[in-house]
Amino acid sequence: MSNKPTFDVITIFPDYMNPLNLSLMGKAQEKGLVDIAIHDLRKHSVGVHNSVDDTPYGGGAGMVMMPEPWGKAIDEVAAAKPDLTHTLIVLTPAGEKFSQAMAHEMSTLDHLIFACGRYEGIDIRVTDYYRDAPGFNVREVSIGDYVLGGGEVATLVMMEAIIRLIPGVLGNPDSIIEESHSIMTQSGEVLVEYPNYTKPAEWRGLPVPEVLLSGNHALIEKWRAEQASARTQKLRHQGS
Ligand code: ADE
-6 MSNKPTFDVI TIFPDYMNPL NLSLMGKAQE KGLVDIAIHD LRKHSVGVHN
44 SVDDTPYGGG AGMVMMPEPW GKAIDEVAAA KPDLTHTLIV LTPAGEKFSQ
94 AMAHEMSTLD HLIFACGRYE GIDIRVTDYY RDAPGFNVRE VSIGDYVLGG
144 GEVATLVMME AIIRLIPGVL GNPDSIIEES HSIMTQSGEV LVEYPNYTKP
194 AEWRGLPVPE VLLSGNHALI EKWRAEQASA RTQKLRHQGS
């Protein structure tokens, strides 16, 4: 990666993105490890009513976001970084499912543009247009099989998962290496982690398992592996 990773978020609710200034993502910005900019789609609204949406051709419920404001907003953020390849991420419940593998892949990219749709989504010609536009890659992404009010929360989820993987963001990079071995399979499937304990050694009558106090690292490793596999079976395959 030749450049500092840059994230541009386009939304009609810029304030929704305030959590980007907190905690891990706020620190990543302060340390100069990432550039994040939020853009108000309404700046590019059209007509006397400053609209960004209209009724769907062919009829049906709800409103559809018009292509013109999106085209202008996306062109503007792309034009500001003419040397970069732009990955346009369109948040939609119909997209490919976000995963840890995708987070790793995206953490290596130079320029991510998040398009937060609202209502019944964005006129599909926006996706179609940028799929063929030079300098662009387009990904339609869902964070899960449920319908949110818009792409803002999905963008926050994706950005947190991506940004923590950028070198220098986490205080202890070993935790990324460890989690990639202990939590994720090669294909990105989740393996539930072994249970963690800290002080005190007994809390409300619940003791820390003896083996963790034994100092026997081989035994501890074996116990953790057994616990992880039992918990994966219980939580992921049977429900708790
Ligand atoms: N917009 C609405 N629901 C969504 C979801 N599940 N993932 C991404 N974007 C969305």
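Be aware that the sequence shown starts at -6, since it is given in the numbering used here, and climbs by one per residue.
Even glycine gets a Cβ: it sits at the ideal position worked out from N, Cα and C.
Listed in chain order, the non-local C-beta contacts of Leu13 below 6 angstroms within the same chain comprise Ile29, local neighbours out to five positions each way being set aside. Nearest in C-alpha terms to Glu89, of all of Ala147, Asp76, Val45, is Ala147. Taking 7 angstroms as the cut-off, the beta carbon of Ile176 is found no closer than this to the beta carbon of Met99.
Contact holds between the stretch 119 to 137 and the stretch 73 to 82, because three or more Cβ pairs, one in each stretch, are under 8 angstroms apart. According to DSSP, Val57 shares a beta bridge with Asp47. For His97, the enclosing alpha helix (DSSP H) starts and ends at 93 to 99. Distances between the C-beta of Val140 and the heavy atoms of the ligand ADE include at least one below 6 angstroms. Of the candidates Arg118, Val119, Gly114, the residue whose Cα lies closest to the Cα of Ser135 is Gly114. Between the stretch 182 to 190 and the stretch 213 to 221, the count of C-beta pairs closer than 8 angstroms reaches three or more; the two stretches touch.
At the C-beta level, Pro49 and Val41 stay beyond 7 angstroms of one another. Looking at the DSSP output, Arg132 sits in a beta bridge with Ile82. Taking 7 angstroms as the cut-off, the beta carbon of Asp33 is found no closer than this to the beta carbon of Pro(-2).
Beyond the five residues adjoining it in sequence on each side, Tyr190 comes within less than 7 angstroms, by CB distance, of Val201, Leu205 in the same chain, given in chain order. Exclusion of the five residues before and after Leu102 leaves Thr80 as the residues of its chain whose Cβ lies within less than 6 angstroms of its Cβ.
Looking at the DSSP output, His230 bridges to nothing. One alpha carbon belongs to Ser168, the other to Arg197, and they sit about 29 angstroms apart. The continuous alpha helix (DSSP H) containing His210 extends over residues 210 to 225. Each residue's CA atom was taken as its position, placing Glu203 and Arg157 some 34 angstroms apart. Residues Leu77, Asp103 of the same chain have their beta carbon placed closer than 7 angstroms to that of Asn(-4), with the five preceding and five following residues left out of the count.
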